[in-house]
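As structure tokens, the structure follows; a few thoughts come after it.
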Amino acid sequence: LRRPQRPANAFALAWLAGWPAVMVIAAYVLVNAVYTSRLKRLPVYDVFCLAGLYTLRIVAGAVAVGVPLSAWLAAFSVFAFLSLALLKRAADIDRLAPDEVLPGRGYSGRDAAFVNGFGVGSAIAACLVLALYVASDQVSTLYGDPLWLWGVVGVVLLWLARMWRMAMAGLMDDDP
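Using my numbering, read the sequence shown as starting at 46 and increasing by one per residue.
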């Protein structure tokens with residue numbers, strides 16, 4: 046059996062990467078504690094917090110290896126992770142009657158249209174950020190033949206559209 050990971054292990058590894066990495070890990074632990082103790086029970090705040098935590102993992106990785114974080118990656122990540130967090134809530138809400146409340150989360154069955162609409166909007170925003178990046182002048186300086194990146198935009202858009210279609214049809218598993 047594997048021993049559970051402890052925050053001390055994360056801080057020890059972060060310390061090897063330097064003080065900025067320690068600060069990012071500390072921020073992650075703090076936000077995670079606030080999420081666990083309070084925000085997970087507040088509709089909308091919970092999914093924004095989750096998206097922020099997932100994005101903070103990317104920030105931690107960039108800081109740990111000493112690579113500057115691209116504003117494009119940060120923007121794409123926030124919208125993509127927000128969409129995925131909302132997708133999870135949509136799957137949870139789909140099982141509720143209109144007046145039933147999701148235990149421990151504060152959403153009711155009446156929140157389905159909001160969660161679905163905001164989730165699809167976030168997915169489209171993520172794909173738009175990705176498309177704007179692919180169309181930017183920065184890409185042509187980084188890649189010899191950036192035309193193939195349009196295929197990535199199409200794949201991400203198709204994947205997110207399929208996930209949301211499944212969720213709205215009641216076919217989404219518990220944890221997308």
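Glycine included, C-beta positions come from ideal geometry on N, C-alpha and C.
**Item:** Buried versus exposed, by CB contacts within 10 Å (16 or more), Trp60
**Value:** Within the sequence shown, numbered from 1, the residue matching residue 60 stands at position 15. Result: exposed.
Original post:
Alpha carbon to alpha carbon, how far is Leu84 from Gly189?
Top reply: Here residue 84 refers to the residue found at position 39 of the sequence shown. Here residue 189 refers to the residue found at position 144 of the sequence shown. Their Cα atoms are separated by approximately 45 Å.
Rounded to a whole number of angstroms, what is the C-alpha to C-alpha distance between Arg86 and Val174? Translated into positions along the sequence shown, residue 86 becomes position 41. Translated into positions along the sequence shown, residue 174 becomes position 129. Spanning the two alpha carbons is a distance of roughly 30 Å.
Item checked: Residues that Val146 bridges to, as DSSP identifies them -> Here residue 146 corresponds to residue number 101 of the sequence shown, with the count starting at 1. DSSP, once it has assigned bridges, lists Ser153 as partnering Val146.
Check your understanding: Shortest alpha-carbon distance to Leu129 belongs to which of Ala171, Ala142, Ala214, Asp139?
Key -> Taking the first residue of the sequence shown as position 1, residue 129 is located at position 84. Checking every option, the nearest Cα to that of Leu129 belongs to Ala171.
- Query: Cα-Cα, which of Gly199, Tyr80, Thr186 is closest to Gly97?
  - Reply: For the purposes of this step, residue 97 is taken as the residue at position 52 of the sequence shown. Looking at the Cα atoms, Tyr80 is the closest of the given residues.
>> Do Gly151 and Tyr145 have their beta-carbon atoms positioned less than 8 Å apart in this structure?
In response: Start at 1 with the first residue of the sequence shown, and residue 145 comes out as number 100. Start at 1 with the first residue of the sequence shown, and residue 151 comes out as number 106. Residue identity check: residue 145 is Glu in the sequence provided, not Tyr. No, these two residues do not count as a Cβ contact at 8 Å.
- Query: In chain order, what residues of the same chain lie with their CB nearer than 7 Å to the CB of Asp156, ignoring the 5 residues before and after it?
  - Reply: Taking the first residue of the sequence shown as 1, we reach residue 156 at position 111. Counting only Cβ-Cβ distances below 7 Å, and skipping sequence neighbours, we find Pro88, Ile138.
Tell me where the alpha helix (DSSP H) around Tyr90 begins and ends.
Numbered from 1 along the sequence shown, position 45 holds the residue referred to as residue 90. Note, Tyr90: alpha helix (DSSP H), 90 to 110.
Worksheet item: Apart from the five residues on each side of it in sequence, which residues of its chain come closer than 6 Å, Cβ to Cβ, to Gly63?
Response: Here residue 63 corresponds to residue number 18 of the sequence shown, with the count starting at 1. Counting only Cβ-Cβ distances below 6 Å, and skipping sequence neighbours, we find nothing.
Could you spell out where the alpha helix (DSSP H) holding Tyr73 opens and where it closes? Sequence index remark: in the sequence shown, residue 73 carries index 28 (1-based). Run containing Tyr73: 64 to 82, per the alpha helix (DSSP H) assignment.
**Study point:** Leu141 (DSSP reduced to helix, strand or coil)
**Key:** In the sequence shown, the residue the question calls residue 141 occupies position 96. If DSSP states are grouped into helix, strand and coil, Leu141 belongs with coil.
**Backbone CA spacing between Gly199 and Val179 [nearest angstrom]** = Along the sequence shown, one-based indexing puts residue 199 at 154. Along the sequence shown, one-based indexing puts residue 179 at 134. About 11 Å.
Where does the unbroken alpha helix (DSSP H) through Arg207 begin, and where does it stop?
-> Along the sequence shown, one-based indexing puts residue 207 at 162. Here the alpha helix (DSSP H) through Arg207 covers 194 to 213.
Checklist line | Which of helix, strand or coil DSSP assigns to Gly189 | finding: Within the sequence shown, the letter at position 144 stands for residue 189. Here Gly189 sits in coil by DSSP.
Measuring straight from C-alpha to C-alpha, what distance separates Asp220 and Ala136? Within the sequence shown, residue 220 is the residue found at index 175, counting from 1. Within the sequence shown, residue 136 is the residue found at index 91, counting from 1. Approximately 8 Å, taken between the alpha carbons.
- prompt: Closest to Met217 by CA distance: which of Thr100, Val108, Phe126, Asn161 is it?
  reply: Start at 1 with the first residue of the sequence shown, and residue 217 comes out as number 172. The residue with the shortest Cα to Cα distance from Met217 is Asn161.
* With a 10 Å radius around its C-beta and 16 neighbouring C-beta atoms as the bar for buried, classify Val164 as buried or exposed. => Here residue 164 refers to the residue found at position 119 when the sequence shown is read from its first residue. Note that residue 164 is Gly in the sequence shown here, rather than Val. Buried: at least 16 other Cβ atoms inside 10 Å.
Are the beta-carbon atoms belonging to Val69 and Ala125 less than 8 Å from one another? To locate residue 69, count along the sequence shown from 1; it is residue 24. To locate residue 125, count along the sequence shown from 1; it is residue 80. Taking 8 Å as the Cβ cut-off, Val69 and Ala125 do not qualify as a contacting pair.
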